[in-house]
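Read through the structure below, which is laid out as structure tokens, and then see the notes.
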Amino acid sequence: MKRSIYAGTVLVFCIATILLIKYFFFKADDDKVNLSKNTIPRSVRYGFTIQNNGNRLVKTGLFRTWAPVENTATQHCENINASIPFQIVPDMLGNQMLEFVLTNIPPHGIKIISITADLTLSEANNLLEKDNPQIFLKPETYIESDQPNLIQQANSLKKDGIFETALNIHDWVAGHIEYTGYIKKDRGALYAFHNKKGDCTEYMYLFVAFCRALEIPARGVCGYVCKENSILRPAEFHNWAEFNHKGRWILSDPQNRLFQKGAENYIAMRILGPSGNNPQMNFNRFHLEGEGLSARMN
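The working numbering numbers the first residue of the sequence shown as 325 and each following residue consecutively.
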């Protein structure tokens, strides 16, 4: 009888051990987006030059930038490497902020940061297990979806289904907004609607505002368009939009007149939306702290 009890105890212990090992070693895989079989490996590189413009040693500084978003409907960030140590600070949207501590930069000296990210991209729009599209329905800064004139125009673009409505909105924005070239300051959806002009940012905001006015979850995305392994350049930075249909995020890039197709070439660096209570993440491409320091993207 004692042998039976002992054997049973050992069996239970072994099973529990196996389950714990499986949990800790394979839990990370559960958080990944289940990309379709038609996947594309892609690698991107980018870098920054930090310069001490003063005559004194800068003992400490802090540099922040973005890595590719961990998971989107068409993207999974597999690996991130950099030339100096860094810390990844994630947020609830899947954004990945890279934080670099800078030390002992001599007078007029420079420090170069090189970053490489390996990704898997998909031609299909995949479901995201941990996703809450409902947080992308409310008005926000630059997304004035509660303004009566925007609501009136949005209602005139409404079709029978969500997909058809989003396509009609996309076509209207693409056809009615004049591209002005890069504008340093964000203007927003209302500006684009009234002035019928803007850069990719205004196209993005206006599409998102029209969708939200019709209770269609939509959001802005920042990043790059890369059809092959690439070195990311500052002039190539781009903004586009996504709307949610049947649980899947679908591309709308009205400035480039691309809808749904070609999403496998879009590298998302930042999803715009509620960022929780972390004001440190309220920047576009990079943020630098340190007296006398300046930074530029290479």
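We put the beta carbon where it would ideally sit given N, CA and C, even for glycine.
Check: Pull up the distance between the alpha-carbon of residue 487 and that of residue 384, whole angstroms please.; Outcome: 51 Å
Check: Kindly indicate which residue of 546, 542 and 537 has the alpha-carbon position closest to the one of residue 525.; Outcome: 546
Check: Would the stretch 550 to 566 count as touching the stretch 585 to 596 if we require 3 or more Cβ pairs under 8 Å?; Outcome: yes
Check: In angstroms with no decimal places, state the Cα-to-Cα distance between residue 558 and residue 518.; Outcome: 29 Å
Check: Compare the Cα-Cα distances from residue 418 to each of 595, 606 and 621 and report the closest residue.; Outcome: 595
Check: Could you tell me the alpha carbon to alpha carbon distance between residue 421 and residue 409, rounded to whole angstroms?; Outcome: 13 Å
Check: Here's a check: name, in chain order, each residue in its chain whose Cβ is nearer than 7 Å to the Cβ of residue 535, leaving out the five neighbours to either side.; Outcome: 490, 493, 542 and 567
Check: Kindly indicate the opening and closing residues of the alpha helix (DSSP H) around residue 525.; Outcome: 524 to 537
Check: Quick one: residues in its chain with C-beta nearer than 8 Å to the C-beta of residue 618, no 5 flanking neighbours on either side, listed in chain order?; Outcome: 374, 375, 377 and 612
Check: Does the beta-carbon of residue 574, which I'm using as the reference point, lie nearer than 7 Å to any heavy atom of the ligand COA?; Outcome: Although the ligand COA was asked about, the structure shown includes no ligands whatsoever.
Check: According to the neighbour-count rule (16 or more other Cβ atoms, all chains shown, within 10 Å of its Cβ), is residue 480 buried or exposed?; Outcome: exposed
Check: Roughly how many angstroms separate the alpha carbons of residue 368 and residue 472, rounded to a whole number?; Outcome: 43 Å
Check: Using C-beta distances below 6 Å, list every residue in its chain close to residue 560, excluding the 5 sequence neighbours before and after it, in chain order.; Outcome: 548
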